[in-house]
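Residue numbers for the sequence shown follow the numbering used here, so the first one is 92 and each next one is one higher. Ideal placement from N, C-alpha and C gives every residue a C-beta, glycine not left out. These numbers were taken from a predicted model, which means no experiment stands behind them. Below is one structure; the comments refer to it alone.
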Amino acid sequence: MGSSTTATERDARLVNARDHRVNPGEIAIGVIIGRTSEFFDFFVYAIASVIVFPKLVFPYLDPLTGTLWSFAIFALAFVARPVGSMLFMAIDRAHGRGAKLTLSLFLLGTSTVAIAFLPSYEQIGAAAIWLLAAARIGQGLALGGAWDGLASLLALNAPENRRGWYAMIPQLGAPIGLIVASALFAYFAGSLSAEDFFSWGWRYPFFVAFAINVVALFARLRIVVTPEYTHLFESRELQPVPVTEMLRNEGMRVVLGAFAPLASFALFHMVTVFPLSWIFLYTQDTPADFLLIEVVGAFFGLGAIIASGLIADRIGRRTLLGSCAAAIAVFSGVAPLLLNGGPLGELVFMIVGFVILGLSFGQSSGVVASGFTQRYRYTGAAITSDLAWLFGAGFAPLVALVLSANYGLFSAGAYLLSGAVCTLLALWLNKTLAK
Numbered sequence: 092m093g094s095s096t097t098a099t100e101r102d103a104r105l106v107n108a109r110d111h112r113v114n115p116g117e118i119a120i121g122v123i124i125g126r127t128s129e130f131f132d133f134f135v136y137a138i139a140s141v142i143v144f145p146k147l148v149f150p151y152l153d154p155l156t157g158t159l160w161s162f163a164i165f166a167l168a169f170v171a172r173p174v175g176s177m178l179f180m181a182i183d184r185a186h187g188r189g190a191k192l193t194l195s196l197f198l199l200g201t202s203t204v205a206i207a208f209l210p211s212y213e214q215i216g217a218a219a220i221w222l223l224a225a226a227r228i229g230q231g232l233a234l235g236g237a238w239d240g241l242a243s244l245l246a247l248n249a250p251e252n253r254r255g256w257y258a259m260i261p262q263l264g265a266p267i268g269l270i271v272a273s274a275l276f277a278y279f280a281g282s283l284s285a286e287d288f289f290s291w292g293w294r295y296p297f298f299v300a301f302a303i304n305v306v307a308l309f310a311r312l313r314i315v316v317t318p319e320y321t322h323l324f325e326s327r328e329l330q331p332v333p334v335t336e337m338l339r340n341e342g343m344r345v346v347l348g349a350f351a352p353l354a355s356f357a358l359f360h361m362v363t364v365f366p367l368s369w370i371f372l373y374t375q376d377t378p379a380d381f382l383l384i385e386v387v388g389a390f391f392g393l394g395a396i397i398a399s400g401l402i403a404d405r406i407g408r409r410t411l412l413g414s415c416a417a418a419i420a421v422f423s424g425v426a427p428l429l430l431n432g433g434p435l436g437e438l439v440f441m442i443v444g445f446v447i448l449g450l451s452f453g454q455s456s457g458v459v460a461s462g463f464t465q466r467y468r469y470t471g472a473a474i475t476s477d478l479a480w481l482f483g484a485g486f487a488p489l490v491a492l493v494l495s496a497n498y499g500l501f502s503a504g505a506y507l508l509s510g511a512v513c514t515l516l517a518l519w520l521n522k523t524l525a526k
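Here it is as structure tokens:
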């Protein structure tokens, strides 16, 4: 099924015609910019869900309960994401990739900026909760629609002996987005009075998100309409198909592919969102100080993601992912002791956690895309990724905080251990994953 050409696509093709052929290096840059934009939006909301929304939207609740409700709204985006994928793939088939990407990133930017204008509970009452939930659902729908297949494009063009290196490139956006978001919040939380921060300071990162989304939109449009991408799309290598058709034919691959990176995705939130909530609620550390520790940890994670590409090409992605799942299982036992071990323990927790996360997360995109036949690769990879994030990450901060608040930090470690077990089980059941 062909796609119609939009005016935006035609403009992008004119740019490409003037600047000649887009090379793989430019594709990689576009992928990193796009993923950084998505993860910056993600982390801006995640940080605010810990240090802002419990006070702004749930001031009538105690801090723990307010944070739990904030995490419940946080999870709505992951529930909405598969719906967004199905909705925007229909737009893709009817109106083209340029229209799909433009609409999804516009919705993402608009939903994020709308949160910046969110009134407090004291101003409009319970309506503030509903507005926040609606904006969060909008973010989830948009993230589902923002799937562009560029990671698959890189993987398909990767030399046989460099698949691991190409698989890690899209994952670089996560630590970069976290570094920028954490640094922004640390600056405003550390330099403003509490009154100014809760009045206007926390809103600034949400405005920045819109500007980043504009840059990401043009970076992606420049690539998705290139002759190389168009050829792959038209040859059905990267063509969206109805989700129901894909599930009928390759549903089991979706299930196993969704559970394979579960350890990585669970650890993702266990070293980013959850520890911030624990530190904020149960220690005397300031959020600004811990956010700076997260920045340090994210730099280690960035280096580990790059290293994952080199290691995976040497020992194989499957071996690396299985080894990382085992390491995550071990880490789940010592993580509670480190997180509860004062500033030094927190720093060690973040560095070790991010190194393991980087090695594992760096190859997770290769897991969800592997195994699908040519016709269903594009749609299958998108839906599998959505479900992996939903099962592995969407409710992780909420579940971990509920468990740790009621049964201690070791129960949160047990939750992380369950993710590692799921990954090892999925790799054992499907020998073709991450080949």
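query = With burial defined as no fewer than 16 other Cβ atoms inside 10 Å of the residue's Cβ, what is the status of Gly132: buried or exposed?
reply = In the sequence as displayed, the identity of residue 132 is Asp instead of Gly. Flag for Asp132 reads buried.
request  = Find out if the Cβ-Cβ distance for the pair Ile182, Leu194 is shorter than 8 Å.
outcome  = Less than 8 Å separates the beta-carbon of Ile182 from that of Leu194.
key: Cβ distance (whole Å) where Ala420 is taken to contact Leu411 below 8 Å   = Their Cβ separation, rounded to whole angstroms, is 15 Å, which puts Ala420 and Leu411 out of contact at 8 Å.
query = Going by other Cβ atoms of all chains shown within 10 Å of its Cβ, with 16 needed for buried, is Gly433 buried or exposed?
reply = Counting Cβ neighbours within 10 Å, Gly433 comes out exposed, since fewer than 16 surround it.
key: Tyr506 in three-state terms, based on DSSP   = Three-state DSSP puts Tyr506 in a helix.
request  = Let me know if Tyr151 comes out buried or exposed under the rule of 16 or more other beta-carbons within 10 Å of its beta-carbon.
outcome  = Counting Cβ neighbours within 10 Å, Tyr151 comes out exposed, since fewer than 16 surround it.
query = Going along the chain, which residues of its own chain have a beta-carbon closer than 8 Å to the beta-carbon of Gly444, five neighbours each way excluded?
reply = Closer than 8 Å at Cβ, skipping near neighbours: Leu358, Met361, Val362, Gly388, Phe422 and Ala426.
ask   = Between the segment 269-288 and the segment 226-238, are three or more C-beta pairs nearer than 8 Å?
value = Between the segment 269-288 and the segment 226-238, the count of Cβ pairs shorter than 8 Å is below three; the stretches do not touch.
ask   = Are the segment 489-496 and the segment 161-178 in contact at 8 Å, needing three or more beta carbon pairs?
value = Verdict: yes, contact present.
ask   = Pro378 by DSSP, collapsed to three states: which one?
value = In the displayed model, Pro378 falls within a helix according to three-state DSSP.
message = So, at 7 Å on beta carbons, what are the nonlocal neighbours of Gly121 in its own chain, with the 5 sequence-adjacent residues on each side left out?
response = Here the set comprises Leu241, Ala310, Arg311, Arg313 and Ile314.
For Thr464, three-class secondary structure by DSSP = In the structure shown, the three-state DSSP call for Thr464 is coil.
query = Among the residues of its own chain, which have a CB less than 8 Å from the CB of Glu437, if the five just before and after it don't count?
reply = Spatial neighbours of Glu437 in its own chain (CB-CB distance under 8 Å, excluding positions within 5 residues in sequence) are listed in chain order as Pro366, Ile370, Asp376, Phe381, Ile384, Leu429 and Leu430.
ask   = Run through DSSP, which three-state label would Val135 get?
value = The three-state reading of DSSP puts Val135 in helix, counting H, G and I together.
query = Near Ile220, what residues of its chain come up, given a Cβ to Cβ distance below 6 Å and the 5 sequence neighbours on each side ignored?
reply = Answer for Ile220: Val148, listed in chain order.
message = If you measure between the beta carbons of Gly483 and Phe356, is that distance less than 8 Å?
response = Yes; because the gap between Cβ atoms is below 8 Å, this pair is in contact.
key: C-alpha gap between Arg254 and Leu263, whole angstroms   = Taking the straight line joining both Cα atoms gives about 15 Å.
Own chain partners of Leu223 with C-beta closer than 8 Å, once the 5 adjacent residues on each side are dropped = Contacts found: Phe144, Val148, Ile164, Ile206 and Leu209.
message = Tell me the residue span of the alpha helix (DSSP H) that contains Asp287.
response = Under the DSSP assignment, Asp287 falls in the alpha helix (DSSP H) whose first and last residues are Ala285 to Ser290.
task = Return the first residue and the last residue of the alpha helix (DSSP H) that Arg227 is part of.
result = Its alpha helix (DSSP H) spans residues Ala218 to Gly236.
inquiry  = Between the alpha carbons of Ile303 and Glu286, how many angstroms are there, rounded?
reply    = Near 27 Å, if we compare the C-alpha coordinates of Glu286 and Ile303.
message = Report the CB separation of Glu341 from Tyr467 in whole angstroms; it is logged as a contact under 8 Å.
response = Rounded to the nearest angstrom, the Cβ distance from Glu341 to Tyr467 is 5 Å, consistent with a contact under 8 Å.
task = Decide if Thr288 is buried, meaning its Cβ has at least 16 other Cβ atoms within 10 Å, or exposed.
result = Looking at the sequence itself, residue 288 is Phe, so the reference to Thr does not match. Answer is buried; the Cβ neighbour count reaches 16.
ask   = In whole angstroms, what is the alpha-carbon distance linking Phe197 and Ala171?
value = Straight-line Cα distance between these residues: approximately 17 Å.
task = Throw me the rounded Cβ distance for the Phe169 and Leu481 pair, which I believe falls under 8 Å.
result = About 5 Å; that satisfies the 8 Å criterion.
query = When you compare each of Phe501, Phe463 and Ile396 to Ala265 by their alpha carbons, which one comes out closest?
reply = Nearest option by C-alpha distance: Ile396.
query = Looking at the structure shown, is Tyr151 part of a helix, part of a strand, or coil, going by DSSP?
reply = It is coil, neither helix nor strand.
request  = Just tell me which of Val141, Phe501, Ser399 and Val446 has its CA closest to the CA of Ser455.
outcome  = When each option's Cα is compared against that of Ser455, the closest is Ser399.
task = Can you give me the start and stop residues for the alpha helix (DSSP H) that Asn252 sits inside?
result = Run containing Asn252: none; DSSP gives neither H nor E here.
query = Buried or exposed: where does Trp519 fall if 16 or more other Cβ atoms within 10 Å of its Cβ makes it buried?
reply = Exposed is the label assigned to Trp519, since fewer than 16 other Cβ atoms lie within 10 Å of its Cβ.
query = How would you label Tyr257, buried or exposed, when you count the other beta carbons within 10 angstroms and need 16 or more for buried?
reply = Classification of Tyr257: buried, given that the 10 Å Cβ count is 16 or more.
query = Looking at the unbroken alpha helix (DSSP H) that takes in Pro488, where does it start and where does it end?
reply = Element bounds for Pro488: Ala487 to Tyr498.
task = Return the CA-CA distance between Tyr373 and Ile447, expressed in angstroms with no decimal places.
result = Going by the C-alpha atoms only, they are around 25 Å apart.
query = Are there 16 or more other CB atoms within 10 angstroms of the CB of Ser94, so buried, or fewer, so exposed?
reply = Unreliable placement is indicated for Ser94, whose pLDDT of 44 sits below 50; no coordinate value is reported for it.
Distance between Ala119 and Arg112 (C-alpha atoms, nearest Å) = Because Arg112 sits at a pLDDT of 49, beneath the cut-off of 50, its placement in the model cannot be relied upon, and the following sentence gives the value as read from the coordinates. Straight across, the Cα-Cα distance linking Arg112 with Ala119 is about 14 Å.
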